[in-house]
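Be aware that the sequence shown starts at 474, since it is given in our numbering, and climbs by one per residue.
Backbone N, C-alpha and C define an ideal beta-carbon position, used for all residues, glycine too.
Before any comments, here is the structure.
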Amino acid sequence: MVEPDPWGSFRDEAIAWTCEALHAAYGIAEEIDHLVEEPDAELADFAFPCHAFASQAQAAPADIAENLEDALPPTDEMTVRAEGPYLNFDVEPEALVTTTLDSVRERSAGYGELPERGSSVLVEHTSANPTGPLHVGRARNPLLADSIVRLLRAAGHHVVAEYYVNDMGRQAATLVWGAKNVDLRGDAYELDPDEAEAFSFDLLAQPRDAASKRVLDPGPDEAGKLDRLLVQYYQAANRALELHDQGRALPDRDPEDEIADLIQAFEADDEETATEFRQIVTWAMKGIRSSLEDANVHHDNVVFESELVLDGSVERVLADLRELDACQTEDGAEYLDMEQLGVDTDKPQMFITRGDGTTLYGTRDVAYHLDKLERADELVDVLGEDHKLHATEIQAALSALGIEVPLDVVFYNFVSLPEGSMSTRSGRVVYLDDLLEESRTRALAEVRERRGEELSEARMEEIADLVGPAALRFNVVSVQSEKPIEFSWEKALNFEGSTAPFVQYSHARTCGILEKAGLDPGQAPAGDLTALMHDSEIQLVRRLAQLPSLVRECADDRKVHPVTAYAVETAQDLNKFYRDCPVLEAGSPELREARLALVDATRQVLANALALLGIDAPESM
474 MVEPDPWGSF RDEAIAWTCE ALHAAYGIAE EIDHLVEEPD AELADFAFPC HAFASQAQAA
534 PADIAENLED ALPPTDEMTV RAEGPYLNFD VEPEALVTTT LDSVRERSAG YGELPERGSS
594 VLVEHTSANP TGPLHVGRAR NPLLADSIVR LLRAAGHHVV AEYYVNDMGR QAATLVWGAK
654 NVDLRGDAYE LDPDEAEAFS FDLLAQPRDA ASKRVLDPGP DEAGKLDRLL VQYYQAANRA
714 LELHDQGRAL PDRDPEDEIA DLIQAFEADD EETATEFRQI VTWAMKGIRS SLEDANVHHD
774 NVVFESELVL DGSVERVLAD LRELDACQTE DGAEYLDMEQ LGVDTDKPQM FITRGDGTTL
834 YGTRDVAYHL DKLERADELV DVLGEDHKLH ATEIQAALSA LGIEVPLDVV FYNFVSLPEG
894 SMSTRSGRVV YLDDLLEESR TRALAEVRER RGEELSEARM EEIADLVGPA ALRFNVVSVQ
954 SEKPIEFSWE KALNFEGSTA PFVQYSHART CGILEKAGLD PGQAPAGDLT ALMHDSEIQL
1014 VRRLAQLPSL VRECADDRKV HPVTAYAVET AQDLNKFYRD CPVLEAGSPE LREARLALVD
1074 ATRQVLANAL ALLGIDAPES M
């Protein structure tokens, strides 16, 4: 049976041998996993700083290193050497090559995946308000979170990716009110002439009733993309609220009260109101999920917050929260005093009900986390950094109820676009759909410039469909989630930089070499792998060996950007190998066969790394 984690197995051996030597030489018996270092390859594969043992051993670190070296017998797999205060381990090239390439060849698309851990993880992500298309600022959430889901699955967890729909909040109610009341052409509010353009969105040339019918009773030809229409009702409704506050619209009505009445009616399970909410939110969600599918982002489950209200879950949580000393009342609204719960914040009130008795998002979110906890061992929430206070409030409320939830919150900063980077009207919000379309357009222009004389238009469009969205996704997740991103098309679509096109092209190049050798991908014979002894060959194999360990580390840390760095470094090592080691013109048939096996293994590892990022690996470009 092959080793699923070659690098991890060598690391574990180094740790085990060091533990044995420490016990034999000094009687020290303790966990040392956290001490192992992985320096630059020219220094060592693994290193232990012996100053960590100096006080217990009553010896100088350099002396400890020498004594441990003497206590460890030579093996066929690793050499041991003392270097100053460090005990260094180097994996023998033959062991590294055979263990790694045998594992890649046998595990194939499963290389990088680890044995099942037996634990379940529920990852809630995206969960944008169902009021229109996903906009670019929050596009980082689904792209980042979907890769976290893929990493957790590869690391052996059972994972459910879930979308939590805020279908009972004020935003959803504002949308419903807009769809029922707004004339997008602007003539429903008796506006001044200079305000008429407030509702001119250049979409509809039909009366409001017909427009509303598209939302409330859409036909089969809508194809799930009513979110573009819905967001305009939402925007117009908010503008109507502003104008009403200024005394410039709806003088005989109070839209705020009407929106509040909608929320009350929905929480009371009024059939007509519930139907309107569900129809509109369902169509908004259909558009959002269509956009996510186009970005290769998938959810296993969708939960509507109204379900938790209507089945009594929220009321039960509310009853428990009311029993807390920290629960207080202001103008009929109930809130939790966060300072009493130990939260240091400038906004110490977490409101759990409105003055009219309806519940708020935070209350429903507490109930939702309890619901999630019944279905998974661990919870992961992926949230924008503007939700940090909300996340703290939810955890504080749960703790106050005596419930410690195994919850990790991954926060991300936002994506911005430089001025003029997309061909859209000034002032228009840029949506994820826009970004994906632009990525394909720009990728097609790049492919035409590079290969326009060689490829058919259809083939160039196929390549652009692979490269464009991949460039977007790779660029967004390649930066630490806590750091802001100003997206750059020039950087994202660079075929020679730290980008998806560079990695995809490297994968395609391996397929091209195999094709020239008369081999299909995955069909290169193993040959005599011990022929691979060149430094560039060993460095490339060392990189391939590290993928499973990287998967474990990134899954545990909930981080994606190291995978993008790994993919780029693997492609760079591959290029160095090509430069230093002829493959098809190798010096002997045995060496040619071994190098083809290495090329095929690298192809597989590049494909697997890209798959963790939700990116396809083309066989030609």
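Three-state secondary structure assigned by DSSP to residue i
i, result
"GLN1019", "coil"
"ASN614", "helix"
"TYR885", "strand"
"PHE824", "strand"
"GLY557", "coil"
"GLY985", "helix"
"CYS800", "strand"
"ILE753", "helix"
"THR832", "strand"
"GLY857", "strand"
"LEU1069", "helix"
"SER1093", "coil"
"SER482", "helix"
"SER593", "strand"
"LEU607", "coil"
"THR1164", "Any question about residue 1164 goes unanswered here, given that the chain covers just 474 to 1094."
"ASP810", "strand"
"HIS1007", "coil"
"TYR904", "strand"
"HIS631", "strand"
"GLU851", "strand"
"LEU1002", "helix"
"GLU476", "coil"
"GLU515", "coil"
"GLU510", "strand"
"ILE761", "helix"
Backbone CA spacing between residue i and residue j [nearest angstrom]
i, j, result
"MET933", "TYR904", "25 Å"
"PRO546", "VAL553", "9 Å"
"GLU749", "GLY760", "17 Å"
"ASN948", "ASN967", "11 Å"
"THR1003", "GLU586", "26 Å"
"ASP906", "LEU607", "8 Å"
"PRO1055", "GLY991", "17 Å"
"GLY785", "ALA738", "16 Å"
"ILE867", "GLU858", "15 Å"
"GLU510", "CYS492", "15 Å"
"PHE975", "GLU969", "5 Å"
"HIS496", "ALA538", "14 Å"
"GLU504", "HIS524", "15 Å"
"VAL776", "GLU1066", "53 Å"
"ASP804", "GLY830", "11 Å"
"GLY651", "GLY815", "41 Å"
"GLY978", "ILE936", "Checking the sequence, you will find Tyr at residue 978 rather than Gly. Each residue's Cα considered, the two are about 11 Å apart."
Distance CB(residue i)-CB(residue j) smaller than 7 Å
i, j, result
"ALA722", "LEU716", "yes"
"ILE1011", "PRO566", "yes"
"THR818", "MET811", "yes"
"ASP1105", "VAL754", "With the chain covering only 474 through 1094, there is no way to say anything about residue 1105."
"VAL878", "LEU846", "yes"
"GLN807", "THR826", "A small fix is needed here, since residue 807 is Glu in this sequence, not Gln. Their beta carbons are under 7 Å apart, which means GLU807 touches THR826 by this criterion."
"LEU781", "TYR841", "yes"
"SER912", "GLY941", "yes"
"LEU574", "ALA1074", "yes"
"ASN614", "VAL855", "yes"
"SER1093", "ALA973", "no"
"GLU851", "VAL594", "yes"
"ASN602", "GLN644", "yes"
"TYR499", "PRO522", "no"
"ALA544", "ALA494", "yes"
"PRO998", "CYS984", "no"
"PHE824", "VAL888", "no"
Beta-bridge partners of residue i, as assigned by DSSP
i, result
"TYR637", "VAL776"
"PRO522", "TYR559"
"GLU955", "Answer is none; GLU955 lacks a bridge partner."
"VAL564", "MET551"
"LEU880", "LEU852"
Cβ-Cβ separation, residue j to residue i (assumed contact under 8 Å), whole Å
i, j, result
"ARG1015", "ALA514", "6 Å"
"TYR636", "THR599", "6 Å"
"LEU1071", "LEU1013", "7 Å"
"ALA799", "ALA873", "6 Å"
Any non-hydrogen atom of the ligand GTP closer than 6 Å to residue i Cβ
i, result
"ALA1004", "This structure simply doesn't include the ligand GTP, nor any ligand for that matter."
Residue i at chain B interface by Cβ criterion, 7 Å
i, result
"TYR885", "Of the protein chains in the structure, only one exists, and it is not chain B."
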